[in-house]
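Heads up, the thing below is written out as structure tokens.
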Amino acid sequence: MTAAFDKLLIANRGEIAVRVIRAAQELGLKTVAVYSDADAQSLAVQMADEAVRIGPAHAGKSYLSADAILQAAAESRAGAVHPGYGFLSENADFAARVEAAGLVFVGPTPHAIRTMGDKAAARAAAMKAGVPTVPGSAGVVSDAGVAVELARDIGYPIMIKASAGGGGRGIRVAHDEAELRQQFATATAEAQAAFGNGEVYLERFIRKARHIEVQILGDGQRVVHCFERECSLQRRRQKVWEEAPSAAIDAATRAALCESALRLASAVAYRGAGTLEYLYDDDTREFFFIEMNTRIQVEHPITEMVTGIDLVKEMLRIALGQPLRLKQEDIRLAGAAIEVRINAENAAKNFMPSPGLVTRLAVPGGPGVRFDTLMFAGCSVPAYYDSLLGKLIVHDSDRAAALARMRRALGELRVEGIHTTIPLHRALCDDAAVAAAAFHTGFLEQWLAANPLAEPAASVPTLEKVPA
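Quick note on this note's numbering: the sequence shown kicks off at 6 and runs consecutively.
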């Protein structure tokens, strides 16, 4: 691929838009932010070289409008589009329209997005490449009757999963035939409503699985991996806390896991940054491919911390037509990193959203601490979008040291004016099971049921009032 551009439009909002703008500016590229009416005063708008309004607050009429984004690219004369994560980032038709308009799409080809973004198709591609997959259907399951027949061979409990989309939607677990028939209809309806595609497939449900994923980079010719992350601490299948590397796997398993990711990414001539997600069974020590995210991930900073690689810059270099600069033998793990997601939610009230005005922000510092955020003191957090405010990331020599650094950094982090998930993460830092990395994908919901969080004080103490 040969490409050249000097101006990049970021088709996203929030902390990922800020992250991409910073990387692009360090490479000498001009940046264009797009914004809805709700984000007119956002940090990304303030930081970008240019900003273009794309519509009202409703995402369907702004950040999810391919027409509006392409019009903004034409008006600003941008040469490339970075989709970030979420919104249109894994929409193959959008990527195709970007390329048809003569622009560079900073990501994989539309064909790769279609192949790997459809979970059933990705599963088939993985099986063809010899990558282990969870026992399940060979592809899309047409109706509940077929699902029941297949489940007799796969066994219960069984998961019904949407072929399109993500974020934990369109997924149901059935423990017997009656429940499978009921949940099949629910899962297909939810998938249709969320993604415009009601197709589903089946997988065996692993009761105590870890969620482990491998970061890869490719230029369409060659692919490298940047080792793995563990994202097992989840609520309603939404990641809350992530680590790199996983404390659960040994060197031999790590090598086999990463090698399988390379085989699959190479099979589709992958271009850009991508993540291959796996379930790991602690009991059998087996890993199974489940899906691929054909974009940059929310949790990419922990991989950057343990490898020293700026993944977003590498994406941009590849999009500029440069061959992959990295050799596999030069990519090494150093220490351990942890990321916690800071959301505008009140965890003591069933994670009720908490939009509003951030009246004060105090960011922790010191070695090995990073805070990627959309916030600044005086900013307004709108109610229209995902509640993610930012990510607190720490790095140290090993996991125990990183956990101690996270505990200290969370003690310094202050967000006033709205509720956040900071109290949840402080409590997790003090939990013995978390300290021992003794968790699985169902752990956090069980932990929350057993450890209800206290309602935060009406007035959060300022940093000056905290004892030294």
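C-beta: ideal position from N, C-alpha, C; glycine also.
Contact check, Ala-270 vs Val-303, beta carbons under 8 Å: Their beta carbons are not under 8 Å apart, which means Ala-270 does not touch Val-303 by this criterion.
For Val-151, the first and last residue of its enclosing alpha helix (DSSP H): Note, Val-151: alpha helix (DSSP H), 149–159.
C-beta contact flag for Lys-166 and Lys-124 at 8 Å: Less than 8 Å divides the Cβ of Lys-166 from the Cβ of Lys-124.
Cβ pair Arg-215, Pro-140 closer than 8 Å: No. Outside cutoff.
Cβ pair count under 8 Å reaching 3, the stretch 106–119 against the stretch 271–278: These segments touch.
Residues of its chain near Ser-265, where Cβ-Cβ distance is below 6 Å and the 5 sequence neighbours each way are ignored: Only Val-136 meet the Cβ criterion.
Cutoff 7 Å; reference Asp-11; Cβ partners in own chain excluding five residues on either side: So the qualifying residues of the chain are Leu-34, Lys-35 and Gly-84.
Three-state secondary structure assigned by DSSP to Arg-82: Of the three classes helix, strand and coil, the one that applies to Arg-82 here is coil, per DSSP.
Nearest-angstrom Cα separation, counted from Leu-69 out to Phe-92: A straight line joining the alpha-carbon of Phe-92 with that of Leu-69 spans about 6 Å.
Inter-stretch contact at 8 Å, needing at least 3 Cβ pairs: the stretch 148–164 / the stretch 197–209: Three or more pairs of CB atoms, one per stretch, sit closer than 8 Å, so the stretch 148–164 contacts the stretch 197–209.
Arg-412 versus Leu-397 - alpha carbon distance: Here the C-alpha atom of Arg-412 lies approximately 11 Å from the C-alpha atom of Leu-397.
Distance, Asp-54 Cα to Arg-177 Cα: So the alpha carbons of these two residues sit roughly 45 Å apart.
Secondary structure of Arg-174, DSSP reduced to three states: Note: Arg-174 maps to coil in three-state DSSP.
Close beta carbons around Gln-220, own chain, < 6 Å, minus the five adjacent residues each side: Once the five neighbours on either side are set aside, the close Cβ partners of Gln-220 are Cys-231, Thr-280 and Thr-308.
DSSP-derived helix/strand/coil call for Gln-239: If DSSP states are grouped into helix, strand and coil, Gln-239 belongs with the strands.
Bridge partners - Ile-398, DSSP secondary structure assignment: BP columns for Ile-398 point to Glu-344 and Arg-375.
Whole-Å CB distance - Ile-301 paired with Leu-284, under 8 Å assumed: The pair is not a contact, with the Cβ atoms about 22 Å apart (cut-off 8 Å).
Identity of the residues DSSP links to Arg-276 by a beta bridge: For Arg-276, the pairing in a beta bridge is given by DSSP as Asp-224.
Beta-carbon contacts of Phe-444 that lie in its chain and below 7 Å, excluding the five residues immediately before and after: So the list reads Ser-237, Leu-238 and Ala-438, once near-sequence residues are dropped.
Close-in-space but distant-in-sequence residues of the same chain around Asp-377 (CB under 8 Å, 5 per side omitted): Around Asp-377: Glu-20, Val-23, Arg-24, Pro-306, Gly-395, Lys-396 and Ile-398.
Distance CB(Leu-379)-CB(Ser-47) smaller than 8 Å: Yes. Within cutoff.
C-beta contact flag for Arg-482 and Ala-442 at 8 Å: This structure leaves residue 482 out entirely; the chain is present only between 6 and 473.
The stretch 415–431 in contact with the stretch 346–354 per 3-pair CB rule at 8 Å: Taking 8 Å as the limit for Cβ pairs, the verdict is that the stretch 346–354 does touch the stretch 415–431.
Gly-122 - containing alpha helix (DSSP H), residue span: Per DSSP, the unbroken alpha helix (DSSP H) holding Gly-122 starts and ends at 115–122.
Where Pro-457 falls, given that 16 or more other Cβ within 10 Å makes a residue buried: Looking at its Cβ environment, which holds fewer than 16 other Cβ atoms inside 10 Å, Pro-457 is exposed.
Simplified DSSP state of Val-386, which is helix, strand or coil: It is a strand residue.
Spatially closest choice to Asp-148 from Ala-190, Glu-182 and Gly-107, by CA coordinates: Nearest C-alpha to Asp-148: Ala-190.
Proximity to Arg-174 [Cα-Cα], best of Met-164, Glu-182, His-180 and Asp-181: Checking every option, the nearest Cα to that of Arg-174 belongs to Met-164.
Range of the contiguous alpha helix (DSSP H) that encloses Ala-367: If you look at Ala-367, you'll find it isn't in any alpha helix (DSSP H); it sits in the beta strand (DSSP E) that goes 365–367.
Local Cβ density within 10 Å of Ser-402, reported as buried at 16 or more and exposed below that: The residue in question, Ser-402, is exposed, as its Cβ has fewer than 16 Cβ neighbours within 10 Å.
Euclidean distance between Cα positions of His-87 and Ala-459: Those two C-alpha atoms are separated by around 40 Å.
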